[in-house]
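These protein sequence lines are chains A and B, in that order. Residues 15 to 281, numbered by my numbering, are exactly what the first sequence covers, in order. Residues 2 to 205, numbered by my numbering, are exactly what the second sequence covers, in order.
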Amino acid sequence: MGVIELAWWQLALAALMVVALAGCTAAMRLGMSRHLLIAATRTVVQLALVGLVLEALFAAATLYWVALMALGMLLIAGREVMARQKRRLIGGWAFGIGTVAMFLSSFTVTVLTLAVIIGPEPWYRPQYAIPLLGMMLGNTMTGVALALDRLTDTAWRQRAVIENRLMLGQRWQAAVGDIRREAMRSGLMPMINAMAAAGVVSLPGMMTGQILAGSPPALAVKYQILVMFTITLGTGFGTLAAVAAGSRRLFDGRQRLRLDRLAAPKG
Amino acid sequence: MTAPPSLHLVRLAVGELAPVTLTVAPGEVHCLSGPSGSGKSRLLRAVADLEAHDGEAWLGDIDQASLPAHAWRARVMLVPAESHWWEDEVGEHLPRAEASDLEALGFTPEVLTWQVARLSSGEKQRLALLRAVSLEPSVLLLDEPTANLDGATTRRVEAWLMARIRERHWPVLWVAHDADQIARVATRHWRIEGRNLREAPAWA
Chain A
15 MGVIELAWWQ
25 LALAALMVVA
35 LAGCTAAMRL
45 GMSRHLLIAA
55 TRTVVQLALV
65 GLVLEALFAA
75 ATLYWVALMA
85 LGMLLIAGRE
95 VMARQKRRLI
105 GGWAFGIGTV
115 AMFLSSFTVT
125 VLTLAVIIGP
135 EPWYRPQYAI
145 PLLGMMLGNT
155 MTGVALALDR
165 LTDTAWRQRA
175 VIENRLMLGQ
185 RWQAAVGDIR
195 REAMRSGLMP
205 MINAMAAAGV
215 VSLPGMMTGQ
225 ILAGSPPALA
235 VKYQILVMFT
245 ITLGTGFGTL
255 AAVAAGSRRL
265 FDGRQRLRLD
275 RLAAPKG
Chain B
2 MTAPPSLHLV
12 RLAVGELAPV
22 TLTVAPGEVH
32 CLSGPSGSGK
42 SRLLRAVADL
52 EAHDGEAWLG
62 DIDQASLPAH
72 AWRARVMLVP
82 AESHWWEDEV
92 GEHLPRAEAS
102 DLEALGFTPE
112 VLTWQVARLS
122 SGEKQRLALL
132 RAVSLEPSVL
142 LLDEPTANLD
152 GATTRRVEAW
162 LMARIRERHW
172 PVLWVAHDAD
182 QIARVATRHW
192 RIEGRNLREA
202 PAWA
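So this is what it looks like as structure tokens:
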């Protein structure tokens, strides 16, 4: 079973239909055509570039290049986590906590999955390592960013409650306990929802891709379950680490709430 | 049972206020007054170690810095001017409330089943005092404890507080505005003038 080859002119047909859609929305003055065309162009350019990078990487297939690529992905994800927070920790802590949390969870789980469960030869074979890490990082990034944003923003809003609890002699962990739980929840909810809806409401993209590429559905399902679990692990441990470190950073050695360590929101 | 400790502040400095040195003996009530923004609340927050400060605070022979912060605050209990509540029901915040105390403050025991959201500011203030006192601290720091109360309720709360303070021999720092109240409760009275704490007569 081979994959049916897809030529560029065939893609151009699909692109033409997107242009037609943009033309229709423009004709009806719905004002979405510009966004639509820009996004479509970005998709083509970004994916074509990634394709080139992956082709080169698969050809080289040394640990050195795979690690470099992984590091690049991690740093971009770390930047993204920082950018998605309204009141981020200052002094590089927002980037640091997010990046370290993602590194600890995503990298550990990916390496473990590759080396122990899937077992390609060699274990860092880029055809397996890079897509797996990409899916892990993408989801962990969302979880960590949501959780840290919720943590710092809620701490800011509920500063008086937290301080009142400290005054009553509670430890900082107890004083911020409800907020930590909420942050953890907002970080994990997307993944829990995705697992609950998988196959019933939505057919996961990776499984669909594998089936299109000719895999038997039973195998595609197994891979999808594995990926769902590893993503949940990565997101869960990443969010856990980020919430633990982030909430610790909200207090100093004398357990005082230090909201001066948060940046004011922009705009 | 050892003798109840007194509260010593040794060159305690926070914000604009000049360093404060004073000793509150067991059972004494030291009132603090002064214009708003003069740093009374910040001084109390520093004594409770909620705010970074210079100088030292001692409870008997225990140095503030030698205790974990939460253990210090459990002994040196600050009751802020505005209280905050985090659970839905009043009773969840007051697991050790005595019916007699509730009654003394003008409540029936049913208050424990009330939703926090339906409390008035005066009710919150009285229950916040009870919440702090029922944790059995060693020192009370009161920031305008009767600000939201009418005259009769103020006297009632004062009487309950003073009885408890005398019974437990707590040293108390009490921020107050009302000269009559200061005359009623204060052992000594300190007024903030400019950057300095000056002793003032306790009677109006």
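The beta carbon of each residue, even a glycine, is placed where N, CA and C say it ideally should be. Quick caveat, the model's predicted, so the values are computed rather than measured.
List the residues of chain B whose Cβ lies closer than 8 Å to the Cβ of residue i, in chain order.
i	result
residue 198 of chain A	Within 8 Å Cβ-Cβ: nothing; residue 198 of chain A doesn't reach chain B, min ~17 Å.
residue 195 of chain A	Ordered by position in chain B, no residue passes the 8 Å Cβ test against residue 195 of chain A, which lies about 12 Å from the chain.
Please confirm whether residue i has its beta-carbon closer than 8 Å to some beta-carbon of chain A.
i	result
residue 99 of chain B	no
residue 90 of chain B	no
residue 50 of chain B	yes
residue 136 of chain B	yes
residue 133 of chain B	yes
residue 170 of chain B	no
residue 70 of chain B	yes
residue 19 of chain B	no
residue 2 of chain B	Only weak support is given to the placement of residue 2 of chain B: the predicted model assigns it a pLDDT of 48, under 50, and the value that follows is read from those uncertain coordinates. Chain A contact via Cβ: absent.
Is DSSP giving residue i helix, strand or coil here?
i	result
residue 47 of chain A	helix
residue 200 of chain B	strand
residue 50 of chain B	coil
residue 175 of chain B	strand
residue 24 of chain B	strand
residue 72 of chain A	helix
residue 190 of chain B	strand
residue 192 of chain A	helix
residue 167 of chain A	helix
residue 85 of chain B	coil
residue 124 of chain B	helix
residue 238 of chain A	helix
residue 58 of chain B	strand
residue 136 of chain B	coil
residue 274 of chain A	helix
residue 265 of chain A	strand
residue 144 of chain A	helix
residue 42 of chain A	coil
residue 184 of chain A	coil
residue 37 of chain B	coil
residue 215 of chain A	coil
residue 300 of chain A	In the structure as shown, chain A begins at 15 and stops at 281. Residue 300 of chain A is therefore absent and cannot be evaluated.
residue 90 of chain B	strand
residue 17 of chain A	coil
For residue i, go through chain A and note every residue whose CB falls closer than 7 Å to its CB, in chain order.
i	result
residue 79 of chain B	181
residue 74 of chain B	180, 181, 183
residue 148 of chain B	Those within 7 Å of residue 148 of chain B in chain A number zero; the least Cβ separation is about 16 Å.
Identify the contact partners of residue i in chain B, using a Cβ-Cβ distance below 9 Å as the criterion.
i	result
residue 175 of chain A	85, 86, 87
Does residue i come within less than 8 Å of chain B when only Cβ atoms are used?
i	result
residue 192 of chain A	yes
residue 270 of chain A	yes
Under 8 Å, do residue i and residue j count as touching if we go by C-beta distance?
i	j	result
residue 200 of chain A	residue 154 of chain A	no
residue 77 of chain B	residue 105 of chain B	no
residue 165 of chain A	residue 275 of chain A	no
residue 43 of chain B	residue 15 of chain B	yes
residue 156 of chain A	residue 196 of chain A	no
residue 18 of chain B	residue 38 of chain B	no
residue 87 of chain A	residue 147 of chain A	yes
residue 30 of chain B	residue 198 of chain B	no
residue 146 of chain B	residue 158 of chain B	yes
residue 91 of chain B	residue 128 of chain B	yes
residue 192 of chain B	residue 203 of chain B	no
residue 106 of chain A	residue 95 of chain A	no
residue 150 of chain A	residue 244 of chain A	yes
residue 47 of chain A	residue 36 of chain A	yes
residue 209 of chain A	residue 249 of chain A	no
residue 85 of chain B	residue 190 of chain A	no
residue 93 of chain A	residue 109 of chain A	yes
residue 151 of chain B	residue 176 of chain B	no
residue 231 of chain A	residue 239 of chain A	no
Could you name the residues of chain A that residue i contacts, counting a contact when the two beta carbons are closer than 8 Å?
i	result
residue 31 of chain B	Under the 8 Å cutoff, chain A gives no residues; its nearest Cβ is about 19 Å from residue 31 of chain B.
Should residue i be listed as close to the ligand MG, given that the test is whether its C-beta is under 7 Å from any heavy atom?
i	result
residue 233 of chain A	The model on display carries no ligand, and the ligand MG is accordingly not part of it.
Query raised in the report: Any contact of the region 9–19 of chain B with the region 44–59 of chain B, i.e. 3+ C-beta pairs under 8 Å?
Result: Enough Cβ pairs lie closer than 8 Å, so yes.
Query - Inter-stretch contact (C-beta, 8 Å, three-pair minimum) for the region 73–92 of chain A and the region 137–157 of chain A - result: Contact holds between the region 73–92 of chain A and the region 137–157 of chain A, because three or more Cβ pairs, one in each stretch, are under 8 Å apart.
Query raised in the report: Are there three or more Cβ pairs, one per stretch, closer than 8 Å when the region 182–189 of chain A is compared with the region 71–78 of chain B?
Result: Contact between the region 182–189 of chain A and the region 71–78 of chain B is present: three or more C-beta pairs spanning the two stretches fall below 8 Å.
Query raised in the report: Below 8 Å, can you find three or more Cβ-Cβ pairs linking the region 210–230 of chain A to the region 113–132 of chain B?
Result: With contact defined as three or more Cβ pairs closer than 8 Å, the region 210–230 of chain A and the region 113–132 of chain B are not in contact.
Report task. Could you name the residues of the region 53–65 of chain B whose beta carbon sits closer than 8 Å to any beta carbon of chain D, in the order they occur along the chain? Result -> Judged by its chain identifiers, the structure shown contains no chain D, and its protein chains are A and B.
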